[in-house]
Amino acid sequence: MKLAILKERRAGETRVAATPETVKKLKGLGLEVAVEAGAGAGARIADADFAAAGAAIAPDAAAALRGAGIVLKVRGPDAAEIAAMEPGTVLAALLAPYTEKETATALAARGVDAFAMEFIPRISRAQAMDVLSSQANLAGYKAVIDAAATFGRAMPMMMTAAGTIAPARVFVMGVGVAGLQAIATARRLGAIVSATDVRPATKEQVESLGATFVAVIDDEFKQAETAAGYAKPMSAEYQAKQAALVAEHIRKQDIVITTALIPGRKAPVLVTEEMVKTMRAGSVIVDLAAEQGGNCPLTRADEVVEAHGVILMGYSNLPARLAVDSSSLYARNLFNFVSLIVDKKSGALALNWDDEIVKGAGLTRDGALVHPSLKG
Numbered sequence: 116m117k118l119a120i121l122k123e124r125r126a127g128e129t130r131v132a133a134t135p136e137t138v139k140k141l142k143g144l145g146l147e148v149a150v151e152a153g154a155g156a157g158a159r160i161a162d163a164d165f166a167a168a169g170a171a172i173a174p175d176a177a178a179a180l181r182g183a184g185i186v187l188k189v190r191g192p193d194a195a196e197i198a199a200m201e202p203g204t205v206l207a208a209l210l211a212p213y214t215e216k217e218t219a220t221a222l223a224a225r226g227v228d229a230f231a232m233e234f235i236p237r238i239s240r241a242q243a244m245d246v247l248s249s250q251a252n253l254a255g256y257k258a259v260i261d262a263a264a265t266f267g268r269a270m271p272m273m274m275t276a277a278g279t280i281a282p283a284r285v286f287v288m289g290v291g292v293a294g295l296q297a298i299a300t301a302r303r304l305g306a307i308v309s310a311t312d313v314r315p316a317t318k319e320q321v322e323s324l325g326a327t328f329v330a331v332i333d334d335e336f337k338q339a340e341t342a343a344g345y346a347k348p349m350s351a352e353y354q355a356k357q358a359a360l361v362a363e364h365i366r367k368q369d370i371v372i373t374t375a376l377i378p379g380r381k382a383p384v385l386v387t388e389e390m391v392k393t394m395r396a397g398s399v400i401v402d403l404a405a406e407q408g409g410n411c412p413l414t415r416a417d418e419v420v421e422a423h424g425v426i427l428m429g430y431s432n433l434p435a436r437l438a439v440d441s442s443s444l445y446a447r448n449l450f451n452f453v454s455l456i457v458d459k460k461s462g463a464l465a466l467n468w469d470d471e472i473v474k475g476a477g478l479t480r481d482g483a484l485v486h487p488s489l490k491g
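Quick note on the numbering used here: the sequence shown kicks off at 116 and runs consecutively.
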């Protein structure tokens, strides 16, 4: 069976869905691999490197897709790519189902069985396919590096004959995968780091990385997490106390990194304009939620702007700014998923729709939208 790797066509998307390493592994599953010419350019992978790994280089998307039973991409396909896919094709990519439902609808109409990699269930058996974690980890790292490069002062304390330079203060809001990596990176750069999250279990994680946890610790906070590890809604009284604490804390920070995202909804506001006004001139905010409206209302997606003397960085695709490593991790995530849906003896497609991973990631099947988030 043929598997096609397509070049990404979206502005700013430098990642690729395969590497020479994963091409060899895909070949080991008994698959023919076709890579569209130039697909790896943004990630510094030459066509010759793919060819040396055993891939056939196709001159364009149509040629790569011709006869392909499986298609791998980073982002969702455009109309021309969908039209070139044959009914029954399996597609795996980051399909942004909540914001790009029209793509899923078009894929269903074409008869493509599409899988959204961001919907891979977060269970132990699927950890090696967890695209959100692999990409968020790099995003958290890059957020700190970008902030450090933009900030007009040094990050660590420096003691010199001419005097002492105080360390920068970094505040991370949201302690998921990206937040934890941001904490670790800022600490390695020598900053004084603090962090906040609405889930009590994150307090220990933050402190284990050498950072200070910022939250109103009362009885309500201690019970603010469900058995499944999700945050419970907090009372208006608690929210007011927490907001006052955060506002006072932000006033003293040099760099703030926000990471709060809610699937399918506008990002929550964590840093108000009033808070920004209290920050020192030259401070930096890196808003990882820029693509969904931002955790600060002053953020502009894909722009670096200045407001009230504070620099706000709104890059919406930080992993693409580290294309070599993000492509490597993403390609491995995809290979592990393909390994699940291909018979290792025959190399034929072997989709088991009763498997919780297949079912959880499936968006379209047999011409219909099948994921619960897309119905209705």
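By construction, the Cβ of each residue, glycine as well, lies at the ideal position given by its N, Cα and C atoms.
Distance CB(residue i)-CB(residue j) smaller than 8 Å
i: Leu-209; j: Leu-222; result: no
i: Tyr-213; j: Pro-378; result: yes
i: Met-288; j: Ile-370; result: no
i: Ile-185; j: Gly-475; result: no
i: Val-399; j: Ala-219; result: no
i: Ala-149; j: Ala-119; result: yes
i: Ser-249; j: Asn-448; result: yes
i: Ala-465; j: Val-457; result: yes
i: Leu-295; j: Gly-255; result: yes
i: Gly-169; j: Val-138; result: yes
i: Lys-188; j: Glu-151; result: no
i: Met-390; j: Ala-362; result: yes
i: Leu-403; j: Ala-293; result: yes
i: Thr-279; j: Met-272; result: yes
i: Ala-435; j: Glu-128; result: yes
i: Ala-492; j: Ala-199; result: Here the chain has residues from 116 to 491 only, and residue 492 is not among them.
i: Val-259; j: Thr-300; result: yes
i: Gly-226; j: Gly-203; result: yes
i: Ile-461; j: Gly-145; result: The sequence given here places Ser at residue 461; Ile does not occur at that position. Yes.
i: Arg-284; j: Ala-251; result: no
i: Ser-441; j: Leu-253; result: yes
Sequence-distant residues of its chain with Cβ nearer than 6 Å to residue i (five each side left out)
i: Thr-311; result: Met-288, Val-329, Ala-330
i: Gln-338; result: none
i: Ser-454; result: none
i: Gly-182; result: Lys-117
i: Phe-450; result: Thr-137, Lys-140
Bridge-paired residues (DSSP) for residue i
i: Ala-149; result: Ala-119, Ala-171
i: Met-390; result: DSSP lists no partner for Met-390.
i: Phe-266; result: For Phe-266, which the question treats as bridged, DSSP gives no partner whatsoever.
i: Gly-477; result: Phe-230
i: Ile-372; result: Val-287, Val-401
i: Val-308; result: Val-285
i: Thr-414; result: None, per the DSSP bridge assignment.
Backbone secondary structure at residue i - three-state DSSP
i: Met-288; result: strand
i: Ala-166; result: helix
i: Glu-340; result: strand
i: Ile-235; result: coil
i: Thr-220; result: helix
i: Ser-442; result: helix
i: Ile-377; result: coil
i: Asp-261; result: helix
i: Thr-137; result: helix
i: Ala-104; result: Because residue 104 is not part of the residues shown, which for the chain are 116 to 491, the question remains open.
i: Asp-402; result: strand
i: Ser-350; result: coil
i: Lys-460; result: coil
i: Ile-197; result: helix
i: Leu-449; result: helix
i: Glu-421; result: strand
i: Lys-142; result: helix
i: Thr-492; result: Lying outside 116 to 491, the shown extent of the chain, residue 492 is not represented and no answer is given.
Cβ-based neighbour list, residue i, same chain, cut-off 7 Å, excluding 5 preceding and 5 following
i: Val-321; result: Val-290, Ile-298, Ala-310, Phe-328
i: Arg-366; result: Thr-393, Met-394
Residues near residue i in its chain [Cβ-Cβ closer than 8 Å; skip 5 each side]
i: Ala-483; result: Ala-223
i: Phe-452; result: Ala-207, Phe-230, Met-232, Ile-235, Met-244, Ile-472, Ala-476
i: Arg-302; result: Val-308, Leu-324, Gly-325, Ala-326
With 16 other Cβ atoms within 10 Å as the buried cut-off, status of residue i
i: Thr-275; result: exposed
i: Pro-135; result: buried
i: Val-420; result: exposed
i: Ala-167; result: exposed
i: Ala-424; result: Here the sequence assigns Gly to residue 424, which means Ala is not the residue at that position. Under this definition Gly-424 is an exposed residue.
i: Gln-407; result: buried
i: Ile-197; result: buried
i: Asp-228; result: buried
i: Asn-467; result: exposed
i: Gln-368; result: buried
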